[in-house]
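Visitor: Residue numbers (my numbering): 1150 to 1613. Glycine residues also receive a C-beta, built at the ideal position from the N, C-alpha and C atoms. Structure incoming, see below.
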Ligand code: BES
Ligand code: ZN
Ligand code: ZN
């Protein structure tokens, strides 16, 4: 339960939480009438200049406990300090909303739990104190947080509950107000002949879909294209995944879940650009009809690809999809976000998403973004594009001897941007799914991308 109140004295919760960043903050809790001993303890903490917590038990009717989080050292990462302390907070708390959102974000995103299948559901009981003036910005932030946690919920769902047909139904249930939802069913996909996508889904009982979400503000404005992969479960096909790696693969649609909620986040906002979000949805499984290593496939662009590894399926469906968009629309710039490579996870763990550019403007805004989502840029080289060319087909989807796994992914896709569009690639293979508690990530799904990408688009509009 979440309640917004105007003053601490209205609070019914037993614990009060304060984040104290400077001495002036002390004045705001004078109503607690803390005794001299406690005040001198607080003074001592200030004089020691260290980040710490202080719990005080008041033994009064209104509050039992006051927890002060002292954040004094500007050099130390505030995020890490909170990360260490938020877990220890009780479930029933009252705290104040500040414009930097920091406590609000930390408490809700950190304490998030996926409990759809739990018989006993733990519920947070939060009261947030805010002045009338800040209420609008608080409500906006709460709505962004809801989009992040909704993205987490859908990534956390078991694969059987998010097959392409079920997911289309789910997208429609989100009831977009200003965003058009276009769905291409299997018959249309077949008519268009997206050969790589066909190979990837055909061992499954569930037919693929294509969904396009369009928010057009004004045809004269530039259009940003965001594309993702929605693989409901990645077995690796005949290059089958082993043990642990297979276990995580219900998350192979995390990029698309994030973009779906970027769309939701932007739906009712004023933008200075148009946004089109395009996703191919495909379920995969293994059967006698699965594609094999060594199969040569014809893509939508007409170019052929020898499948050297059936587990490199994301780049196959996206290659067709990118060419389809490139041929049928005028694209200024295209951005792909998806759970693409183990190489990304080896290089950056779950601390950073991996970005590669053609589009400098996007990369700079993402590197500098102020949300909890961090990016790291890795290099590109036309050498990689050369290495995707092959003797017996136009391209191969994978080669082990180059090693730069994520760069090879980008290089492969580059071949399918038919009009040499600017192309940014974001690999969220590991940040999408935290394996342990880390900063605002909470096992499992993180909702990575919702916050930073929606801000990127909102600001893109403003700076033009
Ligand atoms: N979906 C995986 C990438 C992935 C790995 C996502 C770990 C999340 C966590 C992708 O389809 C894949 O299997 N990539 C392979 C490709 C390789 C065999 C060419 C990889 O990177 O291991
Ligand atoms: Zn995959
Ligand atoms: Zn794979």
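With H, G and I counted as helix, E and B as strand and the rest as coil, what does DSSP make of residue 1595?
Guide: coil
Visitor: How far does the alpha helix (DSSP H) with residue 1513 in it reach, from first residue to last?
Guide: 1509-1516
Visitor: So residue 1556 and residue 1505 are supposed to be a Cβ contact under 8 Å. How far apart are they, rounded?
Guide: 7 Å
Visitor: CB of residue 1489 to nearest heavy atom of ligand 2: below 8 Å?
Guide: Checking every heavy atom of ligand 2 against the Cβ of residue 1489, one is found closer than 8 Å.
Visitor: Any chance the region 1385-1405 sits against the region 1426-1438, with 3 or more Cβ pairs inside 8 Å?
Guide: yes
Visitor: Would the C-beta of residue 1380 count as close to ligand 1, meaning under 8 Å from any of its heavy atoms?
Guide: yes
Visitor: Compute the minimum distance between the beta carbon of residue 1398 and the heavy atoms of ligand 2, and state whether it is under 8 Å.
Guide: yes
Visitor: Looking at the unbroken beta strand (DSSP E) that takes in residue 1373, where does it start and where does it end?
Guide: 1372-1377
Visitor: Short check: CB of residue 1521 to CB of residue 1589, under 9 Å?
Guide: Yes, the Cβ-Cβ distance between residue 1521 and residue 1589 is below 9 Å.
Visitor: Is the Cβ-Cβ distance between residue 1580 and residue 1500 less than 9 Å?
Guide: yes
Visitor: Rounding to the nearest angstrom, what Cα-Cα distance links residue 1363 and residue 1170 in this structure?
Guide: 43 Å
Visitor: Since residue 1594 and residue 1490 are thought to touch, with beta carbons under 8 Å apart, how far apart are those beta carbons, to the nearest angstrom?
Guide: Not quite, the Cβ-Cβ distance comes to about 19 Å (not below 8 Å), so this is no contact.
Visitor: Locate the beta strand (DSSP E) running through residue 1525, then write down its first and last residues.
Guide: Element bounds for residue 1525: 1524-1526.
Visitor: Sorry if obvious, but does the Cβ on residue 1401 come closer than 8 Å to a heavy atom of ligand 2?
Guide: yes
Visitor: Which of the three DSSP states is assigned to residue 1290 in this structure?
Guide: helix
Visitor: Tell me which residue opens and which closes the alpha helix (DSSP H) that residue 1281 is part of.
Guide: Here residue 1281 belongs to no alpha helix (DSSP H), and DSSP marks it neither H nor E.
Visitor: With a threshold of 7 Å on Cβ separation, who are the neighbours of residue 1288 within its own chain once the five nearest residues in sequence on each side are excluded?
Guide: none
Visitor: Between the region 1454-1469 and the region 1376-1387, are three or more C-beta pairs nearer than 8 Å?
Guide: yes
Visitor: What residue range does the beta strand (DSSP E) around residue 1245 cover?
Guide: First-last of the beta strand (DSSP E) with residue 1245: 1241-1245.
Visitor: So is residue 1320 buried or exposed if we call it buried at 16+ other beta carbons inside 10 Å?
Guide: Buried, because 16 or more other Cβ atoms sit within 10 Å of the Cβ of residue 1320.
Visitor: Pick out whichever of 1383, 1337, 1365, 1255 has its Cα sitting closest to the Cα of residue 1312.
Guide: Closest in alpha carbon position to residue 1312, among 1383, 1337, 1365, 1255, is 1383.
Visitor: At 4 residues or longer, what runs of the alpha helix (DSSP H) sit wholly inside the region 1429-1485?
Guide: 1463-1477
Visitor: If you draw a straight line from the alpha carbon of residue 1150 to that of residue 1554, how long is it in whole angstroms?
Guide: 44 Å
Visitor: Could you check how far apart the C-beta atoms of residue 1294 and residue 1258 are, in whole angstroms? I think they sit under 8 Å.
Guide: Between residue 1294 and residue 1258 the beta-carbon gap is near 7 Å, inside 8 Å, which marks them as a contact.
Visitor: Is it the case that the CB of residue 1462 approaches a heavy atom of ligand 4 more closely than 8 Å?
Guide: As presented, the structure is devoid of ligand 4, carrying ligand 1, ligand 2 and ligand 3 as its sole ligands.
Visitor: Is the number of C-beta pairs between the region 1243-1258 and the region 1274-1292 that are closer than 8 Å three or more?
Guide: Touching, yes.
Visitor: Confirm, please, whether the CB-CB distance from residue 1482 to residue 1568 is below 9 Å.
Guide: no
Visitor: By DSSP, does residue 1613 sit in helix, in strand, or in coil?
Guide: Only weak support is given to the placement of residue 1613: the predicted model assigns it a pLDDT of 47, under 50, and the value that follows is read from those uncertain coordinates. Three-state result, residue 1613: coil.
Visitor: Would you identify the three-state DSSP class for residue 1560, choosing helix, strand or coil?
Guide: In the structure shown, residue 1560 adopts helical secondary structure according to DSSP, grouped into three states.
Visitor: Looking only at its chain, what residues have a beta carbon closer than 6 Å to the beta carbon of residue 1613, apart from the 5 residues adjacent to it on each side?
Guide: For residue 1613, the predicted model reports a pLDDT of 47, less than 50, meaning its position is unreliable; a value from the coordinates is still stated below. For residue 1613, where only same-chain residues beyond five positions count, the Cβ hits under 6 Å are 1421.
Visitor: Output yes or no for whether 9 Å exceeds the beta carbon distance between residue 1296 and residue 1596.
Guide: yes
Visitor: Answer with buried or exposed for residue 1604, where buried requires no fewer than 16 other C-beta atoms within 10 angstroms of its C-beta.
Guide: Buried, since its Cβ has 16 or more Cβ neighbours within 10 Å.
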